[in-house]
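Letter by letter, the sequence shown follows residues 52 to 224 of the numbering used here.
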Amino acid sequence: MTDSTNPRVMADNIRELSGVSGSQASEISELQTTIEAIGSYSTTEVNTGMKLGNDDIYRKVFHIEHMPNATTDDYPHNITNLGIVTRLYGVVQCGDSEGYMFPYYNTRLLRYTNTYIKVQATTDLSDRSGIVIMEYTKAAATLTSPAPDTRTIEEPEEIRKEIPEETPEKNVK
Numbered sequence: 052m053t054d055s056t057n058p059r060v061m062a063d064n065i066r067e068l069s070g071v072s073g074s075q076a077s078e079i080s081e082l083q084t085t086i087e088a089i090g091s092y093s094t095t096e097v098n099t100g101m102k103l104g105n106d107d108i109y110r111k112v113f114h115i116e117h118m119p120n121a122t123t124d125d126y127p128h129n130i131t132n133l134g135i136v137t138r139l140y141g142v143v144q145c146g147d148s149e150g151y152m153f154p155y156y157n158t159r160l161l162r163y164t165n166t167y168i169k170v171q172a173t174t175d176l177s178d179r180s181g182i183v184i185m186e187y188t189k190a191a192a193t194l195t196s197p198a199p200d201t202r203t204i205e206e207p208e209e210i211r212k213e214i215p216e217e218t219p220e221k222n223v224k
């Protein structure tokens, strides 16, 4: 057996050592997928296998080709039903062998809205690229209230006949 820190190799080793078959192999395969997701950094949405309460935590990586030029730039994240953002972090590349974590001296802000990641720079960083990583939950779909019931309920005629009509009292002086 080869020692490896690669999640796929680790899961394969577990399967091989356990000598399982059938439904157990399926469960191990699901575990392998979860292990791979935890270590996966992708520009597509990935379920990390982690949870916040009962909610799954997802991860998505954004490559920013050109950082802002002494301004705030918005980068659409295209995440539907964005819930709670658990982590937002990244790095600004400054050449082949150097980088700075957000925020660094020329980037003052890394934030998000329901539709954008916002990066603010105080100087021209347009010759530099960056990576932003967002980890988040999904919001529950918004439930709409049912339309109000506008129907009326009428008593059947036979019930109306059984109730005698009241006669108004006369004022006696």
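For glycine and all other residues, C-beta sits at the position ideal for the given N, C-alpha and C.
Member of Met185, Pro119, Glu149, Leu176 whose CA lies at the smallest distance from the CA of Thr166:
Met185
Considering just the uninterrupted stretch of the beta strand (DSSP E) at Glu186, what are its terminal residues?
181 to 189
Please state whether DSSP places Gly104 in a helix, a strand or coil.
coil
Can you tell me which of Leu161, Leu139, Thr95, Gln171 puts its alpha carbon nearest to the alpha carbon of Thr131?
Thr95
Quick check: the Cα distance between Pro106 and Lys189, rounded to an integer number of angstroms?
Just to set this straight, residue 106 is Asp in the shown sequence, not Pro. Asp106 and Lys189: Cα-Cα distance of roughly 7 Å.
Hey, how far is the Cα of Leu160 from the Cα of Ile182?
14 Å
Assign Asp54 to one of two classes, buried (16 or more other C-beta atoms within 10 Å of its C-beta) or exposed (fewer than that).
Any reading at Asp54 is ruled out, since the residue's pLDDT is 46, under 50, leaving its predicted position unreliable.
Going by the CB atoms, is the gap between Phe153 and Val136 shorter than 8 Å?
no
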